[in-house]
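A.B. asks:
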Amino acid sequence: KNQVEQSPQSLIILEGKNCTLQCNYTVSPFSNLRWYKQDTGRGPVSLTIMTFSENTKSNGRYTATLDADTKQSSLHITASQLSDSASYICVVISGNNRLAFGKGNQVVVIP
Amino acid sequence: NAGVTQTPKFRVLKTGQSMTLLCAQDMNHEYMYWYRQDPGMGLRLIHYSVGEGTTAKGEVPDGYNVSRLKKQNFLLGLESAAPSQTSVYFCASSSGTKHTEAFFGQGTRLTVV
Chain D
489 KNQVEQSPQS LIILEGKNCT LQCNYTVSPF SNLRWYKQDT GRGPVSLTIM
539 TFSENTKSNG RYTATLDADT KQSSLHITAS QLSDSASYIC VVISGNNRLA
589 FGKGNQVVVI P
Chain C
48 NAGVTQTPKF RVLKTGQSMT LLCAQDMNHE YMYWYRQDPG MGLRLIHYSV
98 GEGTTAKGEV PDGYNVSRLK KQNFLLGLES AAPSQTSVYF CASSSGTKHT
148 EAFFGQGTRL TVV
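So the sequence lines, in the order shown, correspond to chains D and C. Basically the numbering used here = 1-based index in the first sequence + 488. Basically the numbering used here = 1-based index in the second sequence + 47.
#1: What are the residues in the stretch 515–532 of chain D lying within 9 Å of chain C by C-beta distance?
#2: Just verifying my parser: in three-state terms, what is the DSSP assignment at S65(C)?
#3: Cβ closer than 9 Å: which chain D residues qualify as neighbours of Q153(C)?
#4: Mind checking whether S562(D) and T508(D) have CB atoms under 8 Å apart?
#5: What does DSSP give as the partner residues of F57(C) in its beta bridges?
#6: Any idea what DSSP makes of S73(C), helix, strand or coil?
#7: Any C-beta of chain C sitting closer than 8 Å to the C-beta of N585(D)?
#8: Shorter than 8 Å from the beta carbon of F137(C) to some beta carbon of chain D?
#9: Buried or exposed: Q132(C), going by 16 or more other Cβ atoms within 10 Å of its Cβ?
Spelled out as structure tokens, the structure:
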């Protein structure tokens, strides 16, 4: 069973609208959680990092939340743009520096 | 500011052929990783290295070998390629310190026919 589960698997949103991506994990011990953006044909690029004590962190129009008690994270995209079309990957780093990857949320923004 | 560079970007192999994928990083990172990414599977760890001269198996190591002779380079070898190894391969590196970020290369698309 995958230690990092993401939902929804894919979604289509209209340009300018908001969306929220979910990540549930079972990784233990927990060190930190990252959201990566992967454009088609490119390598993943880090958007934000969440440590155990952080609840919310923003990077431009991206806002990540973390609830370490329930082991859930979300990534909210505000006022989506066509360039937001990508796969968003939740990565949980364990205490021994191992990375556990979700399968990604595929987002398609249409005009 | 190259970051993580993978060579080659694309390759087509015949079953049974061998090849080596090269990953180079210029950030003086201790940790380096090789992943494969398949549709619907997410990234899966093949092998990794926590420092020059050391390597370790990841989640899916069978059919692959690696070497880390120099700190900046991490090589992934396929001795006898199989169609099941058709995939996109990503190299990543990190400093290994707490809360460190992993930086990824652009990927190598390998097709085995």
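All C-beta atoms in this analysis are idealised placements derived from N, C-alpha and C, irrespective of residue type, glycine included.
C.D. replies: Per the coordinate set shown:
#1: Per Cβ criterion, the list reads S519, N520, R522, Y524, Q526, G529, R530, G531, P532.
#2: S65(C) falls in the coil class under three-state DSSP.
#3: Within chain D, the residues near Q153(C) are G529, R530, G531.
#4: When the beta-carbon positions are compared, S562(D) and T508(D) come within less than 8 Å of each other.
#5: R156(C), per the DSSP bridge assignment.
#6: For the record, residue 73(C) in the displayed sequence is Asp; it is not Ser. D73(C): coil per DSSP, three-state reduction.
#7: Interface residue, yes.
#8: Yes, F137(C) lies at the interface with chain D (some Cβ there is under 8 Å from its Cβ).
#9: Label assigned to Q132(C): buried.
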